[in-house]
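Participant: Input: one structure, supplied below.
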Amino acid sequence: MPEVEGEVGKERFDWYSQWYPVMPVCDLDKRVPHGKKVLGLDLVVWWDKNENEWKVFDDTCPHRLAPLSEGRIDQWGRLQCVYHGWCFGGNGDCKIIPQAPVDGPPDYLELSGVQFSYMYDISIHVHTFKKACVAVYPSVVQHDIVWVWPNADPQYKDIITKKKPPYIPVLDDPSFSKLMGNRDIPYGYEVLVENLMDPAHVPYAHYGLMRTRTPTVKVDREGGRPLDMKVKKLDINGFLGKQDWGSSNFIAPCIFHAFADVEVDQENGSATSSEIVKAPPPNRRLSLIFMCVPVSPGNSRLIWTFPRNFGVWIDKIVPRWIFHIGQNLILDSDLYLLHVEERKIMEIGATNWQKACFVPTKSDALVVGFRRWFNKYAGGEINWKGKYSGALPPSPPREQLMDRYWSHVVNCKSCNTAHKGLKALEVILQIMSVVLIGIVAVTKQNMISMVVKTTMVSMAIVCFAASKWLAHFIHKNFHYHDYNHAFV
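See below:
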């Protein structure tokens, strides 16, 4: 049985008294509002140019409950609902209701539930009423990520002065590179966290995609081996993990941080990319930082970054979307099996996980530690405040489940830009192919030589073939790439 030490306390974990990462700033466009869901809450993240900071509001217009994330930011820097034009300032206050008389409230205001206990006053404007305001969630930017406190009660307005988001020093160290990525995941928070804590699955679920340390005795093709892992100091705030290659830290509820010295391949100078082994030189450091956000039952969001203090120059010349192609393939390679696994866990009940699962080796120590934390302090469930029944959403077709475009590309500025550029190049190649053939077809035989004609036809064929290859590349890397373990 995996070793878990230091379980203490009988406190109940409060899901709504924590900071949650929403999105990396690098993937947010200041020109538009962004709709995001965290802990079942519909949020809109937008840039308030008047206060020069990101704001997080309830994604609901108080007028007719339309989503503000479908709106716009007007020329005065206000968040505008495009259903009827109501505009809101950075404090959630309504700045204007276009349909309201400029000289005071209409005499039918009481029909909307607003009662007056005083003499009608034409100086009162309906946009100043409390019911016209939008709920504002405390938010802050830390580590170039927008964080939100999921309670809009005014008493938490200044919660940042009392409790800050978890601080990770390496993310503020300028000597480390720290490219970020994000993806919406079609399985729940619990399965996402335990999967990222499990290095034993890497040689199998990600075979051929991630380099691992070659075992002394190889028992199979993939190279699985015993792992010495254990959990220490498990309490309501998370736990510490110890592995033979380094250490890790689970900061409840979102952050899993693994770190160690890195072994450098003497042949090509590269570091192992999944199973980091302890070896000199000690000044080479690599961290794996995963931020797991509960979104709704059966859905989560992953924000990741892998800070390192070597090969930093690579990140400065290679576009971020190139890295994301490989990282998305890794996520896809076990996505379907984890989606199905979650449904099996739901059938037996999350609190019965340890009874149903046979986990006899130390390689499962962190997974067992997380499940013990989840059951002991969170009661084996996320508090959705009654918004959901607890049932998982229906399973979509495999192609939809593993779709990259809506789960990542539209939410990643780098990949979205690359996708648009490559699609434009595809169209240009197709047009060039047609134009070249057209020129050859309409040109009289004696006007151009056979050599020129042959060259133009060859160029047209090359352009057409290149456009078809590019279309396949775009679909495979930005839309859907299946992964069949039986043929890997």
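1 is the number of the first residue of the sequence shown in the UniProt record's numbering; add one for each residue after it.
Idealized CB from N, CA, C, for every residue including glycine.
(1) Hey, quick one: how far does the beta strand (DSSP E) through Ser433 stretch, first residue to last?
(2) Residues bridged to Gly181 by DSSP?
(3) If you follow the alpha helix (DSSP H) that Asp235 is in, where does it begin and where does it stop?
(4) Which full runs of the beta strand (DSSP E) of 3+ residues lie inside the UniProt domain "Rieske" (19-116), going along the chain?
(5) If you compare alpha carbons, which of Ile185, Ile330 and Asp482 is closest to Tyr204?
(6) Looking at Leu425 and Ala460, is the spacing between their C-beta atoms short of 8 angstroms?
(7) Express the C-alpha separation of Ser287 and Asn309 in angstroms, rounding to a whole number.
(8) Apply the 10 Å Cβ neighbour rule to Asn484 and answer buried if 16 or more other Cβ atoms are within range, or exposed otherwise.
(9) Within 10 Å of its beta-carbon, does Asp14 have 16 or more other beta-carbons around it, so buried, or fewer, so exposed?
(10) Shorter than 7 angstroms, the distance from the beta carbon of Ser458 to the closest heavy atom of the ligand GDP, or not?
(11) Given that a residue counts as buried once 16 or more other Cβ atoms are within 10 Å of its Cβ, and exposed if not, what is Gly349?
(12) What whole-angstrom Cβ distance do Val22 and Val38 have, given they're in contact under 8 angstroms?
(13) In the stretch 461-487, which residue ranges form an unbroken alpha helix (DSSP H) of at least 4 residues, counting only runs that do not cross its ends?
(14) When you compare each of Val452, Ala378 and His479 to Gly401 by their alpha carbons, which one comes out closest?
(15) Below 6 angstroms CB to CB, which residues in the same chain sit around Pro226 once its five sequence neighbours on both sides are set aside?
(16) Any idea if Trp406 is buried or exposed, counting beta-carbon neighbours within 10 angstroms, 16 or more meaning buried?
(17) Would Arg221 be called buried (16 or more neighbouring beta carbons within 10 Å of its own) or exposed?
(18) Quick one: give me the first and last residue of the alpha helix (DSSP H) that Arg398 is part of.
(19) Would Val170 and Phe256 be called neighbours here (beta carbons separated by less than 8 angstroms)?
(20) For Asp228 and Val368, I'd like the C-alpha separation in whole angstroms.
(21) Checking 8 angstroms against the spacing of the C-beta atoms, do Trp304 and Ile289 come in under that value?
(22) Could you tell me the distance, in whole angstroms, from the CA atom of Asn375 to the CA atom of Pro396?
(23) Are the beta-carbon atoms belonging to Tyr187 and His339 less than 8 angstroms from one another?
(24) State the Cα-Cα distance for the pair Ala279 and Gly246, rounded to the nearest angstrom.
(25) State the DSSP-derived secondary structure class of Trp313, mapped to helix, strand or coil.
Facilitator: Based on what the coordinates show:
(1) Here Ser433 belongs to no beta strand (DSSP E); instead the alpha helix (DSSP H) covers Lys413 to Val442.
(2) According to DSSP, residue pairing for Gly181 in a beta bridge involves Trp304.
(3) Unbroken run through Asp235 is the beta strand (DSSP E), Met229 to Asp235; no alpha helix (DSSP H).
(4) For secondary structure counted as the beta strand (DSSP E) over 3 or more consecutive residues, the UniProt domain "Rieske" (19-116) holds these complete runs in sequence order: 20-24, 34-38, 41-48, 53-58 and 94-96.
(5) Checking every option, the nearest Cα to that of Tyr204 belongs to Ile330.
(6) Result no, Cβ atoms of Ala460 and Leu425 do not sit closer than 8 angstroms.
(7) Using only the alpha carbons, I get a separation of about 10 angstroms.
(8) With fewer than 16 Cβ atoms within 10 Å of its Cβ, Asn484 is classed as exposed.
(9) It is exposed - the Cβ of Asp14 has fewer than 16 other Cβ atoms within 10 Å.
(10) This structure lacks the ligand GDP, and indeed carries no ligand of any kind.
(11) So Gly349 ends up on the exposed side.
(12) Between the beta-carbon of Val22 and that of Val38 there is about 6 angstroms, and that keeps the pair under the 8 angstroms contact cut.
(13) Runs found: none.
(14) A small fix is needed here, since residue 401 is Leu in this sequence, not Gly. For Leu401, the nearest C-alpha among the options comes from His479.
(15) Scanning its chain for C-beta atoms nearer than 6 angstroms, with the 5 sequence neighbours on each side dropped, one finds no residue around Pro226.
(16) It is exposed - the Cβ of Trp406 has fewer than 16 other Cβ atoms within 10 Å.
(17) Counting Cβ neighbours within 10 Å, Arg221 comes out exposed, since fewer than 16 surround it.
(18) In the DSSP assignment, Arg398 falls within the alpha helix (DSSP H) that extends over Arg398 to Leu401.
(19) Going by C-beta atoms, Val170 is not nearer than 8 angstroms to Phe256.
(20) It is roughly 14 angstroms from the alpha-carbon of Asp228 to the alpha-carbon of Val368.
(21) Result yes, Cβ atoms of Trp304 and Ile289 sit closer than 8 angstroms.
(22) Across the structure, Asn375 and Pro396 are spaced so that their CA atoms are roughly 29 angstroms apart.
(23) It is a contact, given that the beta carbons lie within the stated cut-off.
(24) Bear in mind that a pLDDT of 42 at Ala279, under 50, signals an unreliable position, so the model cannot answer this.
(25) For Trp313, the secondary structure class from DSSP, reduced to helix, strand or coil, is helix.
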